[in-house]
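Here's the structure, in structure tokens; my notes come after.
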Amino acid sequence: MNSMDPFIAAALFIILAPVVGILITGLDRILTARMQGRVGPPVLQPWYDIRKLFQKKQVAVWGAQSFFIFCYLIFIIFTGALFFGGGDILLVIFAFTLGHVFLVLGAYVSYSPYAHIGAERELIQLMAVEPMIIIAAIGLYQVNGSFLIGDMANHPGLPILLLPGVFLGFIYILTFKLRKSPFDLATSHHAHQELVKGSTTEFSGRTLAMVELAHIYELVVMLGFIWLFFGDNLWLCICAIIIIMVLEILVDNCTSRVRWQDAMTSAWFVTLVAGAGNIFALSIM
Amino acid sequence: MSYLQKSPWIIHYDASSCNGCDIEVLACLTPLYDVERFGILNTGNPKHADIFVITGGVNEINKEVVQNIYEQMPHPKVVVAVGICACSGGVFRECYNISGGVATVIPVDVYVPGCAARPESIIDGIVQALGILEQKRHAMNAGVEGTV
């Protein structure tokens, strides 16, 4: 990927990420159903859902929410394009965070109490996750000597061997980012929770479709981060992603949602012990 | 088949049901019937829903609630009245607090009678609702329905 022209790589991401993301999400739903003893929807169900949402009439109490959600989608796509174009990992993280800030703003637009609590929890999730993502960037810098993703992807060895703690911490926060139980505080794929649909309660039609699409791009970006831990060993990386996704789905199906205090303190604990401990060990080696 | 028919999301509301029909609606989600095979999801959020599944007769207190949920749903939308009480008021029809079937408050597209309605007939009712949903989408695009 890195030997490619950055613009071509970014364009490929914009076109191919929805395909890959929809297939992964569709397989996720089938695997979830199988774990519950059901048959599950077709693989392309996430695609049908998004297309259907575009066919619905737009209902928004305040027009600003559509604008914020559009910005959310654009910044997530920009993040991914920057990532797969081999850009600076710090810039990727900043753009990623900014995208989520737009999601929170979109959820705050309406006066719905469900959306407001969802937005607050979205912020809590950001607080829980951000330190670990930055530590992952620092760890990858220590191994590669560069903040450029283009250089990291060229690493001949396995950075994961030097960064086991960082990798573990990253997998822990991946559950937040994939919005899976036990850390699906802000919004969930499952119905009937105490917040109705949390931060996405007030979105409908095209706006909700943009949220779903942004989640799919986000999934591909997060899996891209896992790739950086495996350097240029692409097959090993694909095996690792499959194992991690199956584990995430298993955990999603056998745990219930935790309180936000537990979610945040445990994420920070893992960040401090596994992530920062790893960085410290690497720096004195 | 349009995308609307491949991904119908449902909101289920218990007007004043005895819970018999509610159990049967929820039974549709269980491994035995598994309506997610058809892309049907129970959202619990009117703004995400396409099909309003309502059980039990409407009473004087929750008339406004039923109306409110219906109005929050974006077009195109259909209403499925599940169980004989939702269809006509059933045995509770003469009660002092019951207004009657769901049709006294909002327009109903599909009636699924039964006491309690069986999951097979509920699924059949929803599949019929999908056809009406598609008609309503065409009507909406033609500017006939949902323009308000």
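Respectively, the protein sequence lines represent chains A and B. This note's numbering applies: residue 973 is where the first sequence begins, and numbers increase by one. This note's numbering applies: residue 134 is where the second sequence begins, and numbers increase by one. In this text, a Cβ means the ideal position worked out from N, Cα and C, and glycines have one as well.
Cβ-Cβ distance between residue 259 of chain B and residue 141 of chain B below 9 Å | It is a contact, given that the beta carbons lie within the stated cut-off.
Might you give, ordered along the chain, the residues of its own chain that have their beta carbon closer than 8 Å to the beta carbon of residue 182 of chain B, omitting 5 neighbours on each side?
-> Take residue 182 of chain B, set aside five residues on each side of it, and the residues of its chain with a beta-carbon closer than 8 Å to its own are 142, 143, 144, 176, 206 and 210, in chain order.
- Are the region 216 to 228 of chain B and the region 194 to 205 of chain B in contact at 8 Å, needing three or more beta carbon pairs? Judged by pairs of C-beta atoms under 8 Å, the region 216 to 228 of chain B does not touch the region 194 to 205 of chain B, as fewer than three such pairs exist.
- Residues in the region 1164 to 1181 of chain A with C-beta within 9 Å of chain B's C-beta atoms, listed in sequence order? Those would be 1164, 1165, 1168, 1169, 1172, 1173, 1174, 1175, 1176, 1177 and 1180, in chain order.
- Query: When the Cα of residue 1215 of chain A is compared with those of A:1095, A:1143 and A:980, which residue comes out closest?
  - Reply: Measuring from the Cα of residue 1215 of chain A, the nearest candidate turns out to be A:1143.
| query | Are any of the Cβ atoms in chain B nearer than 9 Å to that of residue 1149 of chain A? | reply | Interface flag for residue 1149 of chain A against chain B is unset, since no Cβ pair is found closer than 9 Å.
* Assuming residue 1179 of chain A contacts residue 1090 of chain A (C-beta within less than 8 Å), just tell me the rounded distance between them. => No, residue 1179 of chain A and residue 1090 of chain A are not in contact; Cβ-Cβ is about 14 Å, not under 8 Å.
Check the C-beta distance from residue 187 of chain B over to residue 235 of chain B and give it rounded, since I have them as a contact under 8 Å.
Taking C-beta atoms under 8 Å as the contact rule, residue 187 of chain B and residue 235 of chain B qualify, at a distance of about 5 Å.
| field | CA nearest to the CA of residue 1133 of chain A, picked from A:1004, A:984, A:1253 and A:992 | value | Proximity to residue 1133 of chain A across A:1004, A:984, A:1253 and A:992 peaks at A:1253, based on C-alpha coordinates.
- Task: Would you tell me roughly how many angstroms separate the C-alpha atoms of residue 1028 of chain A and residue 1187 of chain A, rounded to the nearest one?
- Result: If you take the alpha carbons of residue 1028 of chain A and residue 1187 of chain A, they lie about 20 Å apart.
- request: Return the chain-ordered list of same chain residues with a C-beta closer than 8 Å to the C-beta of residue 153 of chain B, the five sequence neighbours on each side being excluded.
  value: Non-local C-beta neighbours of residue 153 of chain B in its own chain, meaning closer than 8 Å and more than five positions away in sequence, comprise 216, 248 and 249, ordered along the chain.
TODO: Would you mind stating whether residue 1018 of chain A and residue 994 of chain A have Cβ atoms separated by less than 9 Å?
DONE: With respect to residue 994 of chain A, residue 1018 of chain A sits close: the two C-beta atoms are nearer than 9 Å.
Contacting positions in the region 174 to 207 of chain B - beta carbon closer than 8 Å to chain A: Shown in chain order are the members of the region 174 to 207 of chain B whose Cβ falls below 8 Å from a Cβ of chain A: 174, 175, 176, 177, 178, 180, 181, 183, 205 and 207.
Q | Contact set between the region 1005 to 1025 of chain A and chain B, restricted to residues whose Cβ is under 7 Å from the partner | A | The residues in question are 1005, 1008, 1009, 1010, 1011, 1012, 1013, 1017, 1020, 1021, 1023 and 1024.
- Query: Among the residues of its own chain, which have a CB less than 6 Å from the CB of residue 1105 of chain A, if the five just before and after it don't count?
  - Reply: When the five nearest sequence neighbours on each side are left out, the beta carbons in the same chain lying within less than 6 Å of the beta carbon of residue 1105 of chain A are those of 1065, in order along the chain.
### Task
Assign residue 214 of chain B to one of three DSSP states: helix, strand, or coil.
Residue state for residue 214 of chain B is assigned as strand, using DSSP reduced to three classes.
Exercise. What are the uninterrupted segments assigned as alpha helix (DSSP H) that are 4 or more residues long and contained completely in the region 1062 to 1112 of chain A, given in chain order?
Worked result: Segments of the alpha helix (DSSP H) lying fully in the region 1062 to 1112 of chain A: there are none.
Closer than 8 Å is the cut-off here; do at least three beta carbon pairs connect the region 1220 to 1227 of chain A with the region 989 to 1009 of chain A?
The region 1220 to 1227 of chain A, when compared against the region 989 to 1009 of chain A, does touch it at the 8 Å Cβ threshold.
Legend entry - Contacts around residue 1053 of chain A, its chain only, beta-carbon distance under 7 Å, and the 5 residues preceding and following it disregarded: Result list for residue 1053 of chain A: 982, 985 and 986, in chain order.
Spatial neighbours of residue 281 of chain B within its chain, please: CB distance less than 8 Å, with the 5 preceding and 5 following residues excluded, ordered by chain position. Legend: pLDDT at residue 281 of chain B = 47, less than 50; position of this residue unreliable, no value from coordinates given.
- Query: If you drop the 5 nearest sequence neighbours on each side, which residues of the same chain put their C-beta closer than 6 Å to that of residue 1191 of chain A?
  - Reply: Once the five neighbours on either side are set aside, the close Cβ partners of residue 1191 of chain A are 993.
Coil, strand or helix - residue 264 of chain B by DSSP: It is helical.
In chain order, what residues of the same chain have a beta carbon less than 6 Å from the beta carbon of residue 1141 of chain A, not counting five sequence neighbours either side? Same-chain partners within the cutoff: 1104, 1242, 1243, 1246 and 1247.
- Hey, would you say residue 267 of chain B sits closer than 9 Å to residue 149 of chain B, going by beta carbons? Not in contact: residue 267 of chain B and residue 149 of chain B (Cβ atoms no closer than 9 Å).
Q. Applying the criterion that 16 or more other CB atoms from any shown protein chain within 10 Å of the CB defines a buried residue, is residue 1209 of chain A buried or exposed?
A. By the 10 Å Cβ count, residue 1209 of chain A comes out buried.
In its own chain, which residues sit with a C-beta less than 7 Å from the C-beta of residue 193 of chain B, not counting the 5 before and 5 after it? Its chain contains 230 and 232 as the residues whose beta carbon lies nearer than 7 Å to that of residue 193 of chain B, once the 5 sequence neighbours on both sides are disregarded; these appear in chain order.
Q. Quick one: what's got a C-beta closer than 8 Å to residue 180 of chain B's C-beta in the same chain, skipping five residues either side?
A. Taken in chain order, the residues that qualify are 205, 206 and 207.
### Query
Excluding sequence positions up to five away, which residues of its chain have a Cβ less than 6 Å from the Cβ of residue 1189 of chain A?
989, 1048, 1049 and 1052.
* For residue 1123 of chain A, I'd like the list of residues in its chain whose CB is within less than 7 Å of its CB, leaving aside the five on either flank, ordered along the chain. => Only residues of its own chain outside the window of five on either side were considered, and among them 1116 have a CB closer than 7 Å to the CB of residue 1123 of chain A, listed in chain order.
Self-check item: Local conformation of residue 1034 of chain A per DSSP, three classes
Solution: Of the three classes helix, strand and coil, the one that applies to residue 1034 of chain A here is coil, per DSSP.
Next on the checklist: Just checking: is the beta-carbon of residue 240 of chain B within a distance shorter than 9 Å of some beta-carbon in chain C?
Outcome noted: Here chain C cannot be found, since the structure's protein chains are A and B.
**Prompt:** Cβ of residue 263 of chain B within 9 Å of Cβ of residue 162 of chain B?
**Reply:** Remark: C-beta atoms of residue 263 of chain B and residue 162 of chain B do not approach each other more closely than 9 Å.
Q.
Quick check on residue 1062 of chain A: buried or exposed, where buried means 16 or more other Cβ atoms within 10 Å of its Cβ?
A. The residue is exposed, with fewer than 16 neighbouring Cβ atoms inside 10 Å.
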